[in-house]
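Enquirer: If you read the sequence shown in UniProt numbering, its first letter stands for residue 1, the second for the next number, and so on. Heads up, the beta-carbon is just placed ideally off N, CA and C, and yes, glycines get one too. Dropping a structure here in structure tokens format, bear with me for questions.
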Amino acid sequence: MSILSAEQIRLNVKVNDKYEAIRLAGQMLVDAGHVDQEYIDKMIERENALSTYMGSGLAIPHGTNEAKGMIKSTGLAVLQIPGGVDFGGDEPAVLVVGIAARNGEHMEILTSVAMVCSDEDSMESIRTAKSAEEILNIFESGMEE
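Spelled out as structure tokens, the structure:
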């Protein structure tokens, strides 16, 4: 099972607040079989303790350390939110990437996602992508390096 597939990418998402975005990303991880349902609550807990907003329109919600046992496999869920959602950062998050990682892969995956999204051209391409495949290709090429 790959950590990201076209089914785990949603385009033109509209949410009322960051909690709705986190729940949606979390549910996508649940639906893909990466995590138990309870993981979503741990993602909310993490957000309440420390914002997962990374800057440049990117938020990477993930569970708390206690949530490790709820992760079945490493996976990502990507939400493209053209209208943006307030994550408490300097600008709205237009890309929300939910993460679940097993076996210490957590930092590696966070770093890979952050690296892909730190490239302004990649971020612009993700923000304006018209298909899940476009976003998938950007992540796949960026995370292989």
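Does DSSP put residue 11 in a helix, a strand or coil?
Expert: By one-based count along the sequence shown, residue 11 stands at place 11. Reduced to three states, the DSSP call for residue 11 is coil.
Enquirer: By Cβ distance below 7 Å, which residues in the same chain neighbour residue 116 in space, the five residues on each side in sequence not counted?
Expert: On the sequence shown, residue 116 is found 116 positions in, with the first residue counted as 1. These residues qualify, in order along the chain: 122, 138, 139, 142, 143.
Enquirer: Just the C-alpha distance for residue 32 and residue 90, rounded to the nearest angstrom, thanks.
Expert: The sequence position of residue 32 within the sequence shown is 32, counting from 1. The sequence position of residue 90 within the sequence shown is 90, counting from 1. One C-alpha to the other measures close to 32 Å.
Enquirer: Please determine, among 98, 108, 134, the residue with the shortest C-alpha to C-alpha distance to residue 27.
Expert: Sequence index remark: in the sequence shown, residue 27 carries index 27 (1-based). Looking at the Cα atoms, 98 is the closest of the given residues.
Enquirer: So residue 62 packs on residue 46, CB below 8 Å; how close in whole Å?
Expert: As a position in the sequence shown, residue 62 is number 62, starting the count at 1. As a position in the sequence shown, residue 46 is number 46, starting the count at 1. The Cβ separation is near 6 Å, so the contact holds.
Enquirer: DSSP state of residue 80, grouped into three classes?
Expert: Taking the first residue of the sequence shown as position 1, residue 80 is located at position 80. In the structure shown, residue 80 sits in a strand (DSSP, three-state: E or B).
Enquirer: Between residue 39 and residue 59, is the Cβ-Cβ spacing less than 8 Å?
Expert: Numbered from 1 along the sequence shown, position 39 holds the residue referred to as residue 39. Numbered from 1 along the sequence shown, position 59 holds the residue referred to as residue 59. No, they are not a contact pair.
Enquirer: Can you give me the Cβ contacts of residue 114 inside the same chain, cut-off strictly under 8 Å, excluding the 5 residues immediately before and after it?
Expert: Sequence index remark: in the sequence shown, residue 114 carries index 114 (1-based). Cβ within range, chain order: 54, 58, 60.
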